[in-house]
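Asker: Protein chains in written order, with our numbering: chain Z, 169 to 621; chain X, 169 to 621.
All C-beta atoms, glycine included, are put in the ideal place defined by N, C-alpha and C.
2 protein chains.
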Amino acid sequence: MTRLVVIGGSDAGVEAALAARRVDAHLEIEILLEDRYLNYSICGLPYLVSGEVPGWQRLAHRSSDEIESLGIQVRREHRVTDVDLDSRALEVDSPDGRASIPFDRLVFATGAGPSLPAAIPKDDPATRPIHTIDDGIAMRRYVESRRPHDAAVIGSGYIGVEMADALVRQGVDVTMFGRAPTVLPTFSADSGALVEAELRENGVAVMTGEAVGAVRRNGTRLSITSSTVRNLDVDLAVIATGVRPTAELARQAGLEIGSTGAVVVDREMRTNVSGIFAAGDCVETYHAILERPAYLPLGTTAHKQGRIAGTNAAGGAARFAGSVGTQVVKVFDLAAGRTGLSEAEALAAGFPAATVRVVAPDHKPYYPGSRDLEIAIVGDIETGRFLGAEIVGDWRAGVAKRIDLFAVAAQHGWATRELLDADLSYTPPLGSPWDPVQVAADAWVRSTRPVTV
Amino acid sequence: MTRLVVIGGSDAGVEAALAARRVDAHLEIEILLEDRYLNYSICGLPYLVSGEVPGWQRLAHRSSDEIESLGIQVRREHRVTDVDLDSRALEVDSPDGRASIPFDRLVFATGAGPSLPAAIPKDDPATRPIHTIDDGIAMRRYVESRRPHDAAVIGSGYIGVEMADALVRQGVDVTMFGRAPTVLPTFSADSGALVEAELRENGVAVMTGEAVGAVRRNGTRLSITSSTVRNLDVDLAVIATGVRPTAELARQAGLEIGSTGAVVVDREMRTNVSGIFAAGDCVETYHAILERPAYLPLGTTAHKQGRIAGTNAAGGAARFAGSVGTQVVKVFDLAAGRTGLSEAEALAAGFPAATVRVVAPDHKPYYPGSRDLEIAIVGDIETGRFLGAEIVGDWRAGVAKRIDLFAVAAQHGWATRELLDADLSYTPPLGSPWDPVQVAADAWVRSTRPVTV
Chain Z
169 MTRLVVIGGS DAGVEAALAA RRVDAHLEIE ILLEDRYLNY SICGLPYLVS GEVPGWQRLA
229 HRSSDEIESL GIQVRREHRV TDVDLDSRAL EVDSPDGRAS IPFDRLVFAT GAGPSLPAAI
289 PKDDPATRPI HTIDDGIAMR RYVESRRPHD AAVIGSGYIG VEMADALVRQ GVDVTMFGRA
349 PTVLPTFSAD SGALVEAELR ENGVAVMTGE AVGAVRRNGT RLSITSSTVR NLDVDLAVIA
409 TGVRPTAELA RQAGLEIGST GAVVVDREMR TNVSGIFAAG DCVETYHAIL ERPAYLPLGT
469 TAHKQGRIAG TNAAGGAARF AGSVGTQVVK VFDLAAGRTG LSEAEALAAG FPAATVRVVA
529 PDHKPYYPGS RDLEIAIVGD IETGRFLGAE IVGDWRAGVA KRIDLFAVAA QHGWATRELL
589 DADLSYTPPL GSPWDPVQVA ADAWVRSTRP VTV
Chain X
169 MTRLVVIGGS DAGVEAALAA RRVDAHLEIE ILLEDRYLNY SICGLPYLVS GEVPGWQRLA
229 HRSSDEIESL GIQVRREHRV TDVDLDSRAL EVDSPDGRAS IPFDRLVFAT GAGPSLPAAI
289 PKDDPATRPI HTIDDGIAMR RYVESRRPHD AAVIGSGYIG VEMADALVRQ GVDVTMFGRA
349 PTVLPTFSAD SGALVEAELR ENGVAVMTGE AVGAVRRNGT RLSITSSTVR NLDVDLAVIA
409 TGVRPTAELA RQAGLEIGST GAVVVDREMR TNVSGIFAAG DCVETYHAIL ERPAYLPLGT
469 TAHKQGRIAG TNAAGGAARF AGSVGTQVVK VFDLAAGRTG LSEAEALAAG FPAATVRVVA
529 PDHKPYYPGS RDLEIAIVGD IETGRFLGAE IVGDWRAGVA KRIDLFAVAA QHGWATRELL
589 DADLSYTPPL GSPWDPVQVA ADAWVRSTRP VTV
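#1: Using CA atoms only, rank isn't needed, just tell me which of H531/X, L195/X, L367/X, E312/X is closest to R564/Z.
#2: Is DSSP giving N386/Z helix, strand or coil here?
#3: Report the rounded CA-to-CA distance for R190/Z versus S593/X, giving the unit in angstroms.
#4: Would you call the CB atoms of V624/X and L573/X closer than 7 Å?
#5: Are there 16 or more other CB atoms within 10 angstroms of the CB of N625/X, so buried, or fewer, so exposed?
#6: Looking at chain X, is there any beta carbon in it that lies within less than 7 Å of the beta carbon of E631/Z?
#7: Check K498/X in the structure and name its three-state DSSP category.
#8: Under 7 Å, Cβ to Cβ, is there at least one residue of chain Z near R570/X?
#9: Distance check for L509/X and Q225/Z, CA to CA, integer angstroms please.
#10: Taking 7 Å as the cut-off, decide whether the C-beta atoms of L195/Z and G212/Z are in contact.
#11: Can you list the alpha helix (DSSP H) stretches of 4 or more residues lying completely in the region 509-573 of chain X, in chain order?
#12: Excluding the 5 residues preceding and the 5 following D272/X in the sequence, name in chain order all residues of the same chain whose CB lies nearer than 6 Å to its CB.
#13: Using the Cα positions of Q241/Z and I197/Z, report the straight-line distance between them to the nearest angstrom.
#14: Quick check: is the beta carbon of C211/X nearer than 7 Å to any beta carbon in chain Z?
#15: Report buried or exposed for P618/X, applying the criterion of at least 16 other Cβ atoms within 10 angstroms of its Cβ.
#16: Using three-state DSSP, classify M437/Z as helix, strand or coil.
#17: Note the first and the last residue of the continuous alpha helix (DSSP H) segment covering D302/X.
#18: Any idea if H455/Z is buried or exposed, counting beta-carbon neighbours within 10 angstroms, 16 or more meaning buried?
#19: Sort A516/X, M307/X, A320/X, G566/X by Cα distance to D548/X and report the nearest one.
#20: If the criterion is Cβ atoms closer than 7 Å, does the pair V380/X and S394/X meet it?
#21: With 16 as the cutoff for other CB atoms within 10 Å, does H317/Z come out buried or exposed?
#22: Which residues in the same chain as G304/X place their Cβ atom closer than 7 Å to its Cβ, once the five residues preceding and following it in sequence are excluded?
#23: According to DSSP, simplified to helix, strand and coil, what is L201/X?
#24: Which of helix, strand or coil does DSSP assign to I327/Z?
#25: When the Cα of G490/X is compared with those of G467/X, R460/X, S427/X, which residue comes out closest?
#26: Exposed or buried, K290/X, counting other C-beta atoms within 10 Å across all chains shown (16 or more means buried)?
#27: With C-beta atoms as the reference, is E558/Z less than 7 Å away from R506/Z?
#28: Note down, in chain order, every chain B residue with its Cβ under 9 Å from the Cβ of Q579/X.
#29: In the structure shown, what three-state DSSP assignment does Q338/Z receive?
#30: Can you list, in chain order, the residues of its chain whose CB lies under 8 Å from that of G474/X, leaving out five sequence neighbours each side?
#31: To the nearest angstrom, how far is it from the Cα of A462/X to the Cα of V492/X?
#32: Any C-beta of chain Z within less than 7 Å: which residues of the region 276-292 of chain X qualify?
#33: Roughly how many whole angstroms lie between the Cα atoms of S391/Z and A306/Z?
#34: Thinking C-beta only, is A415/X closer than 7 Å to C450/X?
#35: G360/Z and V351/Z look like a contact to me (Cβ under 8 Å); what is the Cβ gap, rounded to whole Å?
#36: How would you label F579/Z, buried or exposed, when you count the other beta carbons within 10 angstroms and need 16 or more for buried?
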């Protein structure tokens, strides 16, 4: 009997196992995971800390029973220490001791780990990243039991802004430190400034362009030192300085590692070694506009890639269409979404890019509750090609599903003007005869080309 | 100087004039409209009656000044009685008397009129269609001044359900009569049943499969007779039995009229007569899946077609991409959206179609406020092609913008499985790693084909 082993029990790993089972009812499938949390949503951790999610158990995408009832064996607290390609076996450490686990096919779904700044106290309950379910549970307990008065959030990316929001909801005074000149560095500075204003309006002290040099224990407090700040004392420091691929095991096993530090795979999620696949936050992802690999660790992509890896590992046929880096984040009353290339990314990639920004109401202003969306479109001024977009607006105003329309345009290589042809829905409480995405596309087309429809 | 005359001052007409001005700054442009309401949103009339929109003046898409300041001449209360193609002149009746207006290019944007059941009292303030701004103003005044106790809404299409909602908000007891077996006959019966349940839950008495034979004046009341009901007495009867193209003038002028009764145009919105264009509710619309003309009177389509007609009439170049009949309607707390072909339409057009229905939460259920969406996908079981979809769910749960994603898939001839490749946005408060549209696509693919991604 053929035996598929999946290393990792988060999004990519579980999708791979489930997809493999659908392709082959008889395949022996085993998932090895380092911790005890099979198939939990780490994207939900900020809402656990904020109290919006009342218990970590709720964060399961599926129950273990649902997975195991499909004949998928799950081994918790199993850490793979070595991959022997010749004998096709894994060396594993577990509470039961060391063991060797044979495989015919292998899926690496080892994810990513926090990219920590240099000087952070080790094993200090008041300072940790927010990456694993254990991190989330510990931080929730710390906030509930210690009731911290103030906190530093180190990092201004999407986890950073979500954590700032979460801690404010728990009554904590938050100072955010970000190295980039504006928050949400995957967004343009203009969009970042809108999110920064929302953070400030909700009481977050935002320090941009501030690299944190050290977090030190100072009695009952932590002391933060950054580019311009000396010894800001806080009760809690959340580390949200991004992630890097967990690819050391893959490297040791002889898998090819790319310049980003992530595992190199083709669009079928095959590594350079026959029968070995990889998916999710540990791999380089094919970017559909750049037409080359990029490091884009996102849950949506991990799910897609895991499914493709599992399908192919079980003898099916599937191919990754490519990512365009679509993301959305909720921060207090705002949502900010982006897809495709920012103007800076587009220029760096050699596209003659220009941005047009518009403000348009989410639905007909005569119907109550209309809210303005700020939309930026990046396009190629020579070819007219759509390259990317950002939307910032009220989180109840359709930001996420509107960015999705732009995502499809980016992924399929549309001209910006093709957005005007889309036969979109309309009713005054929910839209306009020309949806805001089309108002923005129209503005881009008109400002870059004089006469067109 | 070349002279473009546009007949009609609603969506298609005004878009045509504006687009023509963008192409040619020197063109002489004139809009003739029968009433006094230039560029008003007739889609907003139910919200005027409901009181959600406090005054009809708010329903203007744009001010007249904004249009006239572009050198577009607007003539109100001008009714065209004849089109003389030989002398290229229009005969016009207006408060100033009869006149002849010359043209070089002409755009018919004469819209549609209510399709009235046979026996309705004429000029009775208690019974009228809801189609023009005058209809809306009169009905709002009637409801405000007479405070009707009960009403019949005749017609169960989207205007009918919106009017039932509007009248309930004004404290009116509503009975709805629909000829079709379920409400919203452009939707499947299953989706219609969900909307019907919402209407009933909000106190509307819904009579389906009921053709209204007559509305008669009966003292201070109106008396309704339908297939099974004799003499239901109400204070008010709203006629919402659909529309038919206003194409008599075009027919007299010698323009080709299709089997639907609407003006025949090509995808550049040209009629069979050189220099004469038509757009909006008076024309047959190219259906992108059926690849033939259909009658699809929708505001979104009217805007697109008007812009194309105006662009081409002024010497520019634009082409209509085709409609897939995308619609959304809000009814009390529900929104119902549809795009593409229903299963019945698909089978009638010769597609070997099958429907799969799923229920999926609009966002991760662990985050508060998650609401179920009921999604139906229709696809071609031989080719795997996506043909259409419907979504019914809470109106705050992203129904409209999710139907838009399906609309793009329908318009671009995607396979249903291509929806799974879409790089959509995700954050727990606003979605899932596989968006509900993808969950539905996955269910369709799995139930029609055993092994795929």
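Answerer: Well, looking at it:
#1: H531/X
#2: strand
#3: 26 Å
#4: Because chain X spans 169 through 621 in this model, residue 624/X falls outside it and cannot be assessed.
#5: There is no way to answer for residue 625/X, as the model of chain X reaches only from 169 to 621.
#6: The first residue shown for chain Z is 169 and the last is 621, placing residue 631/Z beyond what the model contains.
#7: strand
#8: yes
#9: 42 Å
#10: no
#11: 511-516
#12: T170, R171
#13: 6 Å
#14: yes
#15: Since pLDDT at P618/X reaches only 42, below the 50 mark, its modelled position is unreliable, and no value is offered.
#16: coil
#17: 301-314
#18: buried
#19: A516/X
#20: yes
#21: exposed
#22: L213, L216, V217, W224, I298
#23: coil
#24: helix
#25: R460/X
#26: exposed
#27: yes
#28: In the structure shown, chain B does not exist; the protein chains are Z and X.
#29: coil
#30: D179, A180, G181, V182, E183, A184, A187, V275, A277, A447, G448
#31: 10 Å
#32: none
#33: 20 Å
#34: yes
#35: 5 Å
#36: Looking at the sequence shown, residue 579/Z is not Phe but Gln. By the 10 Å Cβ count, Q579/Z comes out buried.
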